[in-house]
Every structure is written in C-alpha cells, then in structure tokens.
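Residue numbers (the numbering used here): 64 to 490.
Ideal Cβ positions, reconstructed from N, Cα and C, are used throughout, including at glycine.
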C-alpha cells in the first residue's frame with residue numbers, strides 16, 4: 064500500500080507542470096492543429112499559384128501508339144482492297160499562347176492574392192492562438208486566486224463558528240449564533256471545493272491548448288505581475304481605428320479576396336475575345352510505309368455563340384466582386400466594435416481595480432470593528448456576516464478586474480496583429 068501511494072504521488076508530481084507564458088505560446092504555435100492547418104493552406108495556395116504560372120510557358124506533349132494488327136483499306140484497280148499489318152505512330156506537339164487578352168495574367172494575379180490571403184490567415188490564426196494562451200494562462204492564475212479567497216473564508220468561518228460555540232456553552236451567545244456560523248462555514252467549504260474544481264478544469268484546458276494532457280500550474284502572482292506592467296493605451300480612438308484597418312490580419316484576408324475577385328472578374332469579362340496561340344508538331348508513322356510530317360502555324364479562336372454562358376459568368380464574377388467589397392465593410396465595422404469594446408474594458412478595468420482596492424481596505428477595517436462589537440454584545444452575527452461577505456466579493460472582484468484587464472489587452476494586441484510572438488505581447 065505504501066509503495067502504491069508513493070507511485071501515486073510521483074504520478075501527481077509529474078502531471079502538474081509549471082511553465083512560463085512564453086513557453087506556453089511557443090508550444091501552442093508548434094503543436095496546435097489550427098496553426099498547422101493554416102500553414103498547410105498557405106502551402107496549398109503557393110502550389111496553386113505555381114500551377115497557374117505554367118500558362119506563361121509553352122506546353123509540349125508526346126504521344127505514341129502501336130497496333131500489332133490493323134486493317135488498311137486502299138483502292139486497287141477501281142475497287143477497294145484490305146490488307147492486315149502492324150501500325151506505329153509517334154508525335155511531339157507544342158503550343159504557346161501568344162495572346163489571350165490578359166486572362167492568364169489575371170488568373171495568376173488572382174492566385175497571388177489568394178496566396179497573400181492565405182498568409183494573412185496564417186497570421187490571424189497565430190494571433191488567435193496567442194490570445195487563447197493568454198486567456199487560459201492567466202485564467203489559471205485567476206482561478207488560483209479564487210481558491211485562496213475561498214480558503215481564507217473557510218478559515219474565517221471556522222474561527223467564528225468555534226468562537227460562537229464556546230460562547231454559547233458559556234451562556235454568552237445563543238444557539239442561533241452557532242448554527243448561523245456553522246451554515247456559513249459549510250457554504251464556504253462548498254465554494255472552496257467548487258473553486259478547486261474550476262481550477263483543475265482551466266489547468267486542463269491550458270494543457271490541451273499547448274498540446275498535452277498535463278495539469279498546468281500557474282501561480283496567482285503571475286496575474287498581479289502582468290497586470291502591473293500593462294498600461295492603458297495612450298493612442299486616440301482615431302489612431303486605433305486606422306491601425307486596425309492597416310494591420311488587422313482578417314481585414315488583410317478580405318482585401319486579398321477583393322483583389323482576387325476583381326482579377327477573376329477581368330478574366331470573365333475577357334473570355335468573349337477568344338485567344339491566339341502558336342502551334343507546332345512533328346509526327347512519324349510506320350504503317351505499310353514509313354513517313355514523317357511537320358506542321359507549324361498560328362491558330363485563333365473566337366466564341367460566336369454559347370447560349371449566354373460567358374455573359375452569365377461575367378455577371379456572376381462582378382457580383383462576387385461586389386460581395387467581397389461588402390464583406391470587407393461589414394468586417395471592418397464588426398472589428399471596430401470589438402476593438403472599441405476591448406479599449407473600454409481596459410480603461411474600466413483600471414477603474415474597477417482601484418475601486419476594489421478601496422473596498423477591501425475599508426471592509427477589512429469594518430470587519431475588525433464588527434467582530435469586536437459582536438464579542439462585546441454590541442452587534443449581531445448579521446453584521447459580521449455582511450462584512451465578511453462584502454470582503455469576499457471585493458477580493459474576488461479585485462482578481463476578476465485584473466484578469467479582465469489582461470484579456471482586454473491581449474484582445475487589442477490580436478486585433479492590431481501585434482501578437483505574432485510572446486515577446487511582442489509583453490509591454
């Protein structure tokens with residue numbers, strides 16, 4: 064039994080892992096599937112662009128066929144006669160597009176814009192993952208602080224309950240005092256158990272984010288230290304909005320979509336002009352007799368009637384271009400609302416932190432006074448319970464305001480595309 068207990072303790076010590084914010088960010092960016100998907104999508108866009116580049120180069124094809132037996136029909140003395148024999152044919156043909164009214168170049172430009180969009184998507188995914196790490200990492204520290212607040216409440220109510228019981232036994236207090244503090248003690252123990260459960264959930268969530276099932280340990284002091292070095296943004300709202308338009312990766316993706324839609328619209332509009340190509344081939348035949356042939360020249364195609372297909376495709380591409388523009392406008396409004404909200408949350412968090420700090424200082428004094436008056440019979444247990452409840456809420460609100468400040472800051476960094484590395488996020 065002792066040996067099994069030792070192994071259990073070793074397993075727990077191994078499964079709880081402490082790491083820095085920078086380590087968590089680095090591991091997440093290397094292992095998270097979303098980041099890997101974004102990288103693969105970018106590689107796919109690069110290969111798609113390379114595929115379209117081939118339209119600017121000649122195309123050469125080789126063909127060959129051999130028939131061990133083939134029937135040949137030929138005129139002989141005014142009649143047709145047949146003969147069996149083998150047949151062999153081989154040829155090499157080449158073509159080169161001389162002019163297609165810029166359609167190939169527009170297709171390549173559309174592909175280049177798609178490639179740029181894929182690159183911006185990859186950066187957007189990185190920023191989102193970094194923001195998630197910040198939220199989860201400091202969420203663990205926040206949950207840790209709530210455990211400490213809950214444990215302090217349990218300790219307080221244990222002392223008050225013990226004191227009330229002794230005073231009842233000595234005839235100084237009633238059974239109602241004892242039972243009320245007992246009930247508060249049980250409630251605080253329940254809150255402490257819930258706080259520990261939530262703490263483990265957040266730790267597991269962070270572990271899964273960085274790529275394993277470890278329960279990550281983050282000290283509550285991390286919350287205080289990070290909150291102290293984050294300062295309220297000095298930039299005006301106008302400057303922030305301009306930075307958002309310029310740097311936000313999602314808007315960059317949509318700009319690339321607009322440019323790509325415009326290029327594809329040009330392709331559809333120019334389909335009606337056809338194309339001019341240079342053609343050439345060499346072939347060799349060995350069927351009854353051997354001979355080779357050559358041909359070289361220029362071919363041109365011009366669509367005369369297609370049942371309205373080309374005009375419909377052109378209109379469809381123009382609509383796609385208009386939709387891409389409206390999607391950009393919609394996203395810019397949405398992101399600005401998100402930015403404004405995060406900016407206000409950052410400012411409000413500072414105000415809330417100062418307010419909660421003042422509430423804590425005042426409530427600590429009030430609680431001490433209420434306890435003293437209660438022992439002297441000048442106050443009821445209700446006064447003590449109210450003061451303690453206010454103090455608990457103030458401590459919890461104090462930690463929550465710090466956590467909200469960090470989350471708001473991380474959100475602003477994501478929106479401004481300043482969160483490509485852990486170091487870039489550190490003020």
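Sequence-distant residues of its chain with Cβ nearer than 7 Å to residue i (five each side left out)
{"i": "residue 354", "result": "348"}
{"i": "residue 213", "result": "251, 254, 255, 258"}
{"i": "residue 176", "result": "319, 322, 323, 326"}
{"i": "residue 105", "result": "181, 182, 185"}
{"i": "residue 442", "result": "433, 436"}
{"i": "residue 388", "result": "321"}
{"i": "residue 428", "result": "none"}
{"i": "residue 109", "result": "178"}
{"i": "residue 357", "result": "345"}
{"i": "residue 122", "result": "157, 158"}
Proximity of residue i and residue j at Cβ, strictly below 9 Å
{"i": "residue 152", "j": "residue 129", "result": "yes"}
{"i": "residue 385", "j": "residue 172", "result": "no"}
{"i": "residue 308", "j": "residue 395", "result": "yes"}
{"i": "residue 462", "j": "residue 283", "result": "yes"}
{"i": "residue 468", "j": "residue 290", "result": "yes"}
{"i": "residue 342", "j": "residue 359", "result": "yes"}
{"i": "residue 331", "j": "residue 379", "result": "yes"}
{"i": "residue 101", "j": "residue 185", "result": "yes"}
{"i": "residue 382", "j": "residue 87", "result": "no"}
{"i": "residue 156", "j": "residue 344", "result": "yes"}
{"i": "residue 334", "j": "residue 168", "result": "no"}
{"i": "residue 455", "j": "residue 216", "result": "yes"}
{"i": "residue 464", "j": "residue 415", "result": "yes"}
{"i": "residue 196", "j": "residue 91", "result": "yes"}
{"i": "residue 270", "j": "residue 261", "result": "no"}
{"i": "residue 275", "j": "residue 398", "result": "no"}
{"i": "residue 231", "j": "residue 221", "result": "no"}
{"i": "residue 459", "j": "residue 209", "result": "yes"}
{"i": "residue 408", "j": "residue 457", "result": "no"}
{"i": "residue 306", "j": "residue 103", "result": "no"}
{"i": "residue 125", "j": "residue 136", "result": "no"}
{"i": "residue 132", "j": "residue 154", "result": "no"}
{"i": "residue 247", "j": "residue 451", "result": "yes"}
{"i": "residue 300", "j": "residue 336", "result": "no"}
Simplified DSSP assignment, three categories, for residue i
{"i": "residue 344", "result": "strand"}
{"i": "residue 490", "result": "Because residue 490 carries a pLDDT of 38, less than 50, the predicted location of this residue cannot be relied on, and no value is offered for it."}
{"i": "residue 369", "result": "coil"}
{"i": "residue 479", "result": "coil"}
{"i": "residue 282", "result": "coil"}
{"i": "residue 276", "result": "coil"}
{"i": "residue 75", "result": "Note that residue 75 has pLDDT 36, beneath the 50 cutoff, so the model's placement of it is unreliable and no number is given."}
{"i": "residue 149", "result": "strand"}
{"i": "residue 472", "result": "helix"}
{"i": "residue 251", "result": "helix"}
{"i": "residue 159", "result": "strand"}
{"i": "residue 142", "result": "strand"}
{"i": "residue 539", "result": "Residue 539 is absent from the structure shown; the chain starts at 64 and stops at 490."}
{"i": "residue 311", "result": "coil"}
{"i": "residue 456", "result": "helix"}
{"i": "residue 170", "result": "helix"}
{"i": "residue 338", "result": "strand"}
{"i": "residue 515", "result": "Absent from the structure is residue 515, since the part of the chain shown begins at 64 and ends at 490."}
{"i": "residue 236", "result": "coil"}
{"i": "residue 391", "result": "helix"}
{"i": "residue 220", "result": "helix"}
{"i": "residue 95", "result": "coil"}
{"i": "residue 208", "result": "helix"}
One or two residues paired with residue i in a DSSP bridge
{"i": "residue 402", "result": "None; residue 402 has no bridge partner."}
{"i": "residue 154", "result": "126, 346"}
{"i": "residue 352", "result": "350"}
{"i": "residue 134", "result": "147"}
Spatial neighbours of residue i in its chain, beta-carbon cut-off 8 Å, leaving aside the 5 residues before and after
{"i": "residue 97", "result": "188, 191, 192"}
{"i": "residue 447", "result": "223, 430, 433, 434, 437"}
{"i": "residue 9", "result": "This structure does not reach residue 9, given that the chain is present from 64 up to 490, and the question cannot be answered."}
{"i": "residue 249", "result": "none"}
Distance cut-off 8 Å: residue i Cβ against heavy atoms of the ligand ATP
{"i": "residue 167", "result": "Among the ligands in the structure shown, none appear at all, so the ligand ATP cannot be discussed."}
Contacting residues, own chain, Cβ-Cβ under 6 Å from residue i (five flanking each side not counted)
{"i": "residue 339", "result": "161, 162, 363"}
{"i": "residue 329", "result": "169"}
{"i": "residue 179", "result": "319"}
{"i": "residue 115", "result": "170, 171, 174"}
{"i": "residue 227", "result": "236, 240, 241, 244"}
{"i": "residue 268", "result": "199"}
{"i": "residue 315", "result": "183"}
(request) Could you tell me whether the segment 201–209 touches the segment 366–382, using the rule of 3 or more Cβ pairs below 8 Å? (result) no
(request) Take every Cβ of the segment 388–404, pair it with every Cβ of the segment 412–427, and state whether three or more of those distances are shorter than 8 Å. (result) no
(request) Please confirm if the segment 140–150 is in contact with the segment 335–351, defined as three or more CB-CB distances below 8 Å between the two stretches. (result) yes
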